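Structure first, then comments.
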Amino acid sequence: MMKSKREVVTSLLKSNKKVMENYFFMTVLQVLNSLFYIIIYPYLIRTLGANSYGLYVFAFSIVTYFITLINFGFDLPGVKAIAENIDNRSEKEKVLSNIFTAKVYLAIVSFVLFLILIFAIPSLRENWEIFVICFGQSITNILFPQWYFQGIQRMRTVTFIQLAFKLLSLLFILMYIKNSNDIGIFTVIITVTSILGSIVAALIIRYKEGLKIYWSKIADVKLQMKQALPFFGSNSIIVLKQQSATVLLGAFFSMKDVALFDLAVKIYTVPTILIASINSALFPKVVILQNITSTIKKIIKIENVIGFSIFLLLVIFGKWIVLVMGGESMLGSYPLLIILGFGVFAQLTVGAICNFVFIPQNKNNYIVKDQIVAMIVFFVVALLGILFNLGVFVVPLALTLSLLSELIYTSNIIIKYKMLRH
Numbered sequence: 201m202m203k204s205k206r207e208v209v210t211s212l213l214k215s216n217k218k219v220m221e222n223y224f225f226m227t228v229l230q231v232l233n234s235l236f237y238i239i240i241y242p243y244l245i246r247t248l249g250a251n252s253y254g255l256y257v258f259a260f261s262i263v264t265y266f267i268t269l270i271n272f273g274f275d276l277p278g279v280k281a282i283a284e285n286i287d288n289r290s291e292k293e294k295v296l297s298n299i300f301t302a303k304v305y306l307a308i309v310s311f312v313l314f315l316i317l318i319f320a321i322p323s324l325r326e327n328w329e330i331f332v333i334c335f336g337q338s339i340t341n342i343l344f345p346q347w348y349f350q351g352i353q354r355m356r357t358v359t360f361i362q363l364a365f366k367l368l369s370l371l372f373i374l375m376y377i378k379n380s381n382d383i384g385i386f387t388v389i390i391t392v393t394s395i396l397g398s399i400v401a402a403l404i405i406r407y408k409e410g411l412k413i414y415w416s417k418i419a420d421v422k423l424q425m426k427q428a429l430p431f432f433g434s435n436s437i438i439v440l441k442q443q444s445a446t447v448l449l450g451a452f453f454s455m456k457d458v459a460l461f462d463l464a465v466k467i468y469t470v471p472t473i474l475i476a477s478i479n480s481a482l483f484p485k486v487v488i489l490q491n492i493t494s495t496i497k498k499i500i501k502i503e504n505v506i507g508f509s510i511f512l513l514l515v516i517f518g519k520w521i522v523l524v525m526g527g528e529s530m531l532g533s534y535p536l537l538i539i540l541g542f543g544v545f546a547q548l549t550v551g552a553i554c555n556f557v558f559i560p561q562n563k564n565n566y567i568v569k570d571q572i573v574a575m576i577v578f579f580v581v582a583l584l585g586i587l588f589n590l591g592v593f594v595v596p597l598a599l600t601l602s603l604l605s606e607l608i609y610t611s612n613i614i615i616k617y618k619m620l621r622h
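Residue 201 is where the sequence shown starts when you use our numbering, and the numbers rise one by one after that.
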């Protein structure tokens, strides 16, 4: 007896309930993280000012290099290991412990290198307090294994924790941030509340999940790092490219240009994460399925349509959003936003190809090569633009062209090796 359409839909929803819930909370989390700074941006830019706020963005961009080293690409292998051993308590404890131990080692090395960098460069040494406080946010990446909650498909926990401490930080920001001299207080508020949230997550894993995190043997840590190495290569290249955009603007232009670019990126990020998080939410299920070629093609087609829609929305409403966010003094963000918008198609499609084609087929080397191509394109375009004094527009242009180079490379790979055959 054939099922009715309603029964089929109901059955589909039930069988994918966890995936849909995971996607929903991952999307909410991504939007929360982006919207939080967008919501408080008008207040911050008018109280701290573009130069002071730009300094914080510049400092955090440099700190992000070291946070990437500490994370070392553990997330995706961690999600995969947890998803495949969701009922194996000892294996989950082993994965958590290995990654925790590895991150502590990497954090020590990172902090030493960070201090050498800050005190060796006079322009950074002038604001060393801001840089050091920002570095404190790396503790969050050690204590808060978001990848674990993704692996067990319980992202609601992460979302609630993030929401609670974002609201707490908002309260303190409104209470204590009154002028440009309060940039240090702002940095402390953001860092301390993020650390408190990570402590809560660690306590949930210990007492609610009943998992113990212990100090792992060096051999186990090395094995974990070996598995994560390809992802570290890929992630570090991505971060190097993205954060270098901000660093180049701060080094060769001004902190106000950093603030203008940061606003453009914030506006651009909100709509793109709504669709990009689908890839992350589906990953734990996709990794254990077979013959999903038609599904992958549908996802890519849908993301292309949505990408075009997002670009149109940025063109039509971007200027007004900039005015609301930062006022007329920040209108310089609008052309930067439009330049970034051209890359939305590539960003979404490449994300789908990497998550659903390369990773499940263990072709992680193509992800690294793809990022190397993108990094080369970015730095060649950006540095040539700076050399010939083409202005701040060359930095977002370099980012967009690097994204298009990724799309060309990954598309050629799947066509050449027929990786999407039925």
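Every residue gets a Cβ at the ideal spot worked out from N, C-alpha and C, and that includes glycine. Please read these numbers as outputs of a predicted model, since none were measured by experiment.
Sequence-distant residues of its chain with Cβ nearer than 6 Å to residue i (five each side left out)
i: residue 569; result: none
i: residue 291; result: 285
i: residue 405; result: 411
i: residue 585; result: 594
i: residue 604; result: 546
i: residue 511; result: 541, 544
Whole-Å CB distance - residue i paired with residue j, under 8 Å assumed
i: residue 470; j: residue 238; result: 7 Å
i: residue 545; j: residue 507; result: 4 Å
i: residue 270; j: residue 338; result: 5 Å
i: residue 276; j: residue 559; result: 7 Å
i: residue 623; j: residue 468; result: The first residue shown for the chain is 201 and the last is 622, placing residue 623 beyond what the model contains.
i: residue 543; j: residue 600; result: 4 Å
i: residue 596; j: residue 464; result: 7 Å
Whole-angstrom distance between residue j and residue i, CA atom to CA atom
i: residue 297; j: residue 435; result: 22 Å
i: residue 261; j: residue 267; result: 10 Å
i: residue 430; j: residue 247; result: 43 Å
i: residue 379; j: residue 389; result: 15 Å
i: residue 274; j: residue 283; result: 14 Å
i: residue 278; j: residue 496; result: 23 Å
i: residue 422; j: residue 300; result: 12 Å
i: residue 623; j: residue 255; result: Residue 623 lies beyond the range of the chain shown here (201 to 622); nothing can be said about it.
i: residue 350; j: residue 587; result: 44 Å
i: residue 201; j: residue 504; result: No answer about residue 201 holds up, because its pLDDT of 47 lies below 50 and its placement is not dependable.
i: residue 408; j: residue 402; result: 10 Å
i: residue 242; j: residue 620; result: 46 Å
i: residue 462; j: residue 352; result: 33 Å
i: residue 411; j: residue 532; result: 50 Å
i: residue 394; j: residue 377; result: 18 Å
i: residue 418; j: residue 324; result: 35 Å
i: residue 317; j: residue 310; result: 10 Å
i: residue 249; j: residue 509; result: 33 Å
i: residue 520; j: residue 466; result: 14 Å
i: residue 456; j: residue 312; result: 30 Å
i: residue 534; j: residue 501; result: 28 Å
i: residue 615; j: residue 608; result: 11 Å
i: residue 581; j: residue 598; result: 5 Å
i: residue 342; j: residue 514; result: 36 Å
Beta-carbon contacts of residue i that lie in its chain and below 7 Å, excluding the five residues immediately before and after
i: residue 209; result: With a pLDDT of 41 at residue 209, under the threshold of 50, the predicted position of this residue should be treated as unreliable, though the coordinate-derived value follows. Taken in chain order, the list of residues that qualify is empty.
i: residue 441; result: 574, 575, 578, 602
i: residue 400; result: 361
i: residue 373; result: 240, 386, 389
Assigned exposure category for residue i - 16 Cβ within 10 Å defines buried
i: residue 561; result: exposed
i: residue 287; result: exposed
i: residue 322; result: exposed
i: residue 565; result: exposed
i: residue 280; result: buried
i: residue 524; result: exposed
i: residue 348; result: buried
i: residue 458; result: buried
i: residue 526; result: buried
i: residue 375; result: exposed
i: residue 528; result: exposed
i: residue 397; result: buried
Residues near residue i by beta carbon distance below 8 Å, same chain, minus five either side
i: residue 264; result: 439, 443
i: residue 235; result: 470
i: residue 232; result: 359, 362, 363, 366
i: residue 384; result: 329, 330, 333
Extent of the continuous alpha helix (DSSP H) run through residue i
i: residue 606; result: 594-616
i: residue 410; result: It is not in any alpha helix (DSSP H) - residue 410 carries neither H nor E in the DSSP assignment.
i: residue 354; result: Careful: residue 354 lies outside any alpha helix (DSSP H) and carries neither H nor E.
i: residue 334; result: 328-335
i: residue 431; result: 418-452
i: residue 565; result: 564-587
i: residue 590; result: From DSSP, residue 590 is part of no alpha helix (DSSP H); its letter is neither H nor E.
i: residue 525; result: 493-526
i: residue 255; result: 250-271
i: residue 557; result: Counting along the chain, residue 557 falls outside any alpha helix (DSSP H), and DSSP gives it neither H nor E.
i: residue 404; result: First-last for residue 404: undefined, no H or E at that position.
i: residue 317; result: 289-320
i: residue 278; result: 275-284
i: residue 533; result: 533-541
i: residue 377; result: Run containing residue 377: none; DSSP gives neither H nor E here.
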